[in-house]
């Protein structure tokens, strides 16, 4: 039923009527409506006409009865750990749960499994069924000593008032301990001139910057040595650390860079400082070819020489991230975690590594080996570097072409001295340049395979009005013939990202009880490199209520900006599913946000969409009676007139109050559909609410429901647990 006067006038004559009797449990104390609720008072009438046929009330209605539990896999975790968590929901009731909604809180973030909690509509459970959800969580603040997670479940969109007959088990809170040990580091830095392995007089290094990274949670600690070479770190998280000198010509002696901090203890260090190994270690790497095909074997020769007077032990290689060093078994001795290579004074050793061309090298068109070599494991301060480079064919091809200019009569002649540029397939920026010769010939011998756009710079345009495009084929040189005519000047594109955002709801109108779905499309229609994008959510009235994790990596990560990036031609499609809060209705639902980027045209970066919100209505008749004979059912003569009652609930939230009529009945007419909770405010003859009184009545669209609320006599006015009705007080709204 709509909320219009026409529907209201016809409310009494709807047919057929469905009388649904309900007797519903005490879920909150006898009090006024929720403090945060918006006032919406529906008209009330005391029925004076014959009542619809009443269906005998059940002691407890057939409703779902949910129970949720949660448990961490372990009782204790190390800081910065991922934690496995199990959430289990069971339906103990006699009716199915058709739309289970989850609300979570705590000091952990959902790393995986969260989508199962965000799904709308939610999962269903038949009576007796159980659902288990596996989650992986991580502390938001890694320095907290406790991980906390709380989950609440409800059946359906409306969470207040609670319909579940045992709401106390609709919530579960679990904790796990995350011990936060702290320790102290006290040390001295010295130059071991006499080689006795300990600091002596005159060996201290003062004024030296010392830094250490490590621990759990990860920490950076720094200090400057005093006059005796001493330094100290306090409040250092426990765990393994790496120490180094960030701005010195000296390095930590191999084997002394790493140490462990233990809780409540002081770790004492004596750190020898030595010249870097690059002063005595010589290295070279050499590939056996200048060019490889994709399936060719690759042989890499690594040569190491110790030019110093002392032995070098455990020399390893630490390669740069962009290096394509073949991972063959011959590389094992050089692995930072491997045995390393020992070199006597003046000794040279060579290692041969054999493998095939890595996929990354094929895609890049080149095989680059670039590594650092030294004798202190993964601690690369003072290491020497070597590299080599070879071409990898197969992912590239070439193009040769002729450039012609057509005059007004259509005659075509070679166009000499024109600049042509090929555009990168991803960025849209120049990747190759060629000039036409006196005969109009030009060539680009190395372009990535695939479709490549070519621009002719200057006052020209393609004769056919389209674009100059060539299809590059592997290890082939294709032919192209471009014909241009005079036109507007074509210039080289630069880095000019242009983020364009469109958004829409999937319907023009929603009922408040149904999920609301919005689709957001974010595209980079500009040129240049990948553009970093972020998100700014605007707070507006009647805003869509949804889990913001659905934005994915567009959300800031703690204090860090978003990690999302969009390349030219790429598009992201994000689906947001949520609801409208029932306590802030104004006839619409709205989503407003801005996708932040550095593009010059930000007018199309804004999301601001809305849709109409409607709600269905129905009627309810509540009978309040005193069970004089204690048989648990209403009998004639047991009605209680002039009882002050109130009902709150519905979608949108509504408050209705008044007094029962001579028949003990109170009518809610044409009120928003949803769950309502009964409040009893006054009777002078001693009737009380039994502890198990179920106070919920559910109004259904275009139906009339009836509910009976049974009051009893107290065993004594002071009986424990008795809730004596107090004089009528209208709640503050």
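Numbering (mature numbering (1 follows the signal peptide of the UniProt record, and there is no 0)), first residue to last: -37 to -1, 1 to 696. No residue lacks a Cβ here, since even glycine has one placed at the ideal position from N, Cα and C.
- Residue 489 and residue 528 have their C-alpha atoms spaced approximately 13 Å apart.
- Secondary-structure assignment with DSSP links residue 507 through no beta bridge to anything.
- Measuring C-alpha to C-alpha distances from residue 396 to each of 363, 478, 208, 220 identifies 363 as the nearest.
- If you keep only unbroken beta strand (DSSP E) runs of at least 3 residues inside the segment 556 to 625, you get 569 to 577, 580 to 589, 607 to 612, 617 to 622.
- Taking 8 Å as the cut-off, the beta carbon of residue 49 is found no closer than this to the beta carbon of residue 109.
- In this structure, the CA atom of residue 318 is about 15 Å from the CA atom of residue 254.
- Assigned with DSSP and collapsed to three states, residue 350 falls in strand.
- A Cβ-Cβ distance of about 6 Å is found for the pair residue 425 and residue 447, placing them in contact under the 8 Å criterion.
- Between residue 201 and residue 224, the C-beta spacing is below 8 Å.
- Of all C-beta pairs linking the segment 36 to 54 to the segment 79 to 92, three or more are shorter than 8 Å, placing the two stretches in contact.
- In this structure, DSSP gives residue 530 a state outside helix and strand, which the three-state scheme calls coil.
- Counting other Cβ atoms within 10 Å of its Cβ, residue 252 stays below 16 and is therefore classed as exposed.
- Sequence-distant Cβ neighbours of residue 203 in its own chain, meaning closer than 6 Å and more than five residues away, are 177, 223.
- For residue 33, the closest alpha carbon among the candidates 307, 151, 113 is that of 113.
- Restricted to the segment 225 to 264, the beta strand (DSSP E) segments that are unbroken, complete and at least 3 residues in length are 229 to 237, 244 to 250, listed in chain order.
- Under the rule that a run must span 3 or more residues, the beta strand (DSSP E) segments found entirely inside the segment 259 to 334 read 260 to 269, 275 to 282, 304 to 306, 311 to 319.
- Residue 643 and residue 505 have their C-alpha atoms spaced approximately 32 Å apart.
- Taking every protein chain shown into account, the CB of residue 168 has 16 or more other CB atoms within 10 angstroms, so this residue is buried.
- The residues 623, 624, 625, 627, in chain order, have a CB closer than 7 Å to that of residue 604 in the same chain once the five nearest residues on each side in sequence are set aside.
- In the assembly as shown, residue 594 is an exposed residue. Its beta-carbon has fewer than 16 other beta-carbons within 10 Å.
- Remark: three or more beta-carbon pairs, one from each stretch, lie closer than 8 Å, so the segment 380 to 388 and the segment 398 to 416 are flagged as touching.
- Under the three-state reduction of DSSP, residue 514 is assigned to helix.
- Taken through DSSP and simplified to helix, strand or coil, residue 667 comes out as strand.
- Counting only runs of 3+ residues, the beta strand (DSSP E) found wholly inside the segment 414 to 467 occupies 421 to 425, 431 to 435, 440 to 453, in chain order.
- Pairing residue 503 with residue 549, the inter-Cα distance amounts to about 12 Å.
- Residue 44 and residue 101 have their C-alpha atoms roughly 7 Å apart.
- For residue 130, the three-state secondary structure derived from DSSP is helix.
- Using a Cβ distance threshold of 8 Å, residue 481 and residue 572 count as a contacting pair.
- Taking a 10 Å sphere around the C-beta of residue 671, we find 16 or more other C-beta atoms and assign the residue as buried.
- The Cβ neighbour count for residue 103, taken over all protein chains shown within 10 Å, is under 16; the residue is labelled exposed.
- In the structure shown, the three-state DSSP call for residue 494 is strand.
- Per DSSP, residue 631 is not a residue of any alpha helix (DSSP H); the beta strand (DSSP E) it occupies stretches across 628 to 635.
- Taken in chain order, no unbroken stretch of alpha helix (DSSP H) lies wholly in the segment 356 to 389 with a span of 4 residues or more.
- Cβ contact annotation for residue 508 (same chain, cutoff 7 Å, sequence separation greater than five): 541, 542, 543, 544, in chain order.
- For residue 238, the closest of 246, 219, 212, 227 by C-alpha to C-alpha distance is 212.
- In terms of Cβ geometry, residue 247 and residue 229 do not form a close pair [threshold 8 Å].
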